[in-house]
Amino acid sequence: MRTHAKIHPRKDGFASPSCSALRAGSAAKSLLVAFAAIFICASSSFATTKGLSQIVTPELQEEGDLSLSLQIQDKRIANPYELQSEMGLTKWAEVAVFRGFDPDDWIFATEFGLLTKEPYLLAVGFVNWSPHLEVDPQPYIEAGYYTEHHKVIVGAIHAGYKNEAILGYAYDFNKQWRVQVDFQSGRENSSTIGFTWNITPDFQVNPALYFANYHPDRLMGYIVFTYTFHLWGKKSETAAAAPK
Numbered sequence: 006m007r008t009h010a011k012i013h014p015r016k017d018g019f020a021s022p023s024c025s026a027l028r029a030g031s032a033a034k035s036l037l038v039a040f041a042a043i044f045i046c047a048s049s050s051f052a053t054t055k056g057l058s059q060i061v062t063p064e065l066q067e068e069g070d071l072s073l074s075l076q077i078q079d080k081r082i083a084n085p086y087e088l089q090s091e092m093g094l095t096k097w098a099e100v101a102v103f104r105g106f107d108p109d110d111w112i113f114a115t116e117f118g119l120l121t122k123e124p125y126l127l128a129v130g131f132v133n134w135s136p137h138l139e140v141d142p143q144p145y146i147e148a149g150y151y152t153e154h155h156k157v158i159v160g161a162i163h164a165g166y167k168n169e170a171i172l173g174y175a176y177d178f179n180k181q182w183r184v185q186v187d188f189q190s191g192r193e194n195s196s197t198i199g200f201t202w203n204i205t206p207d208f209q210v211n212p213a214l215y216f217a218n219y220h221p222d223r224l225m226g227y228i229v230f231t232y233t234f235h236l237w238g239k240k241s242e243t244a245a246a247a248p249k
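So for the sequence shown, the numbering used here puts the first residue at 6; every next one is plus one.
In structure tokens, the structure reads:
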């Protein structure tokens, strides 16, 4: 599972920051310093090529794996600076928590695997639940067809008062490199194109460009850095052989 957390959209559909640029910039610098310290001090763990850029994906975090991410994006997409933690609890359940800084927020998500054996995947869950800002959880259902190189995703999500379609495709060249495109319907959402690079077996970066649905020629930037720790459980042979 991987998706950016959206909070309090304006009338044009994008998140509205409430803090000054100076405060946000200071927070970002602090986050970068903290994240760099994690990467320098962390011991070896197991990594996956996680998610796409915009949409939730139906594969689950490996049991016992904890991923920490720093997400930086155009403020028209969502909260410009976010930390995310994603934890695989069992083979069929994971949870994620986003910490937004502009505005200050906590956002929760979860996913449950109904089919978890590739190539066929089916998952349900919710995203973007913000009790602090009184944003209701958005339930979703997604199916995936995952082979060694090709990943196809289709699904639907209920956001506010409407249902929206989810589509995604990724191509894994090898364990290090993936290219990906995705789409979520709705005026406030986008089409994206990006790639994922596993710089080390544990550390990856995912930059992408967003094309707003309501204004396709408007480009917005996004990048996320992720480090994965293996806390318990055994690394599966499937996970070792191919990225997720």
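Ideal Cβ positions, reconstructed from N, Cα and C, are used throughout, including at glycine.
In the structure shown, residue 69 adopts coil according to DSSP, grouped into three states. It is roughly 9 Å from the alpha-carbon of residue 114 to the alpha-carbon of residue 144. In the displayed model, residue 188 falls within a strand according to three-state DSSP. For residue 201, the pairing in a beta bridge is given by DSSP as 183. In the structure shown, residue 91 adopts extended strand secondary structure according to DSSP, grouped into three states. Bridge partners of residue 169 according to DSSP: 162.
Boundaries for residue 194: no beta strand (DSSP E) harbours it, and the DSSP string shows neither H nor E there. The closest CA to that of residue 84, considering only 226, 231 and 232, is found on 226. Under DSSP, residue 83 forms no beta bridge with any residue.
Boundaries of the beta strand (DSSP E) around residue 149: 143 to 151.
Annotated three-state conformation of residue 61 is coil, per DSSP. Exclusion of the five residues before and after residue 196 leaves 188 and 216 as the residues of its chain whose Cβ lies within less than 6 Å of its Cβ.
In terms of Cβ geometry, residue 211 and residue 180 do not form a close pair [threshold 8 Å]. Put simply, the backbone Cα of residue 72 is about 13 Å away from that of residue 206.
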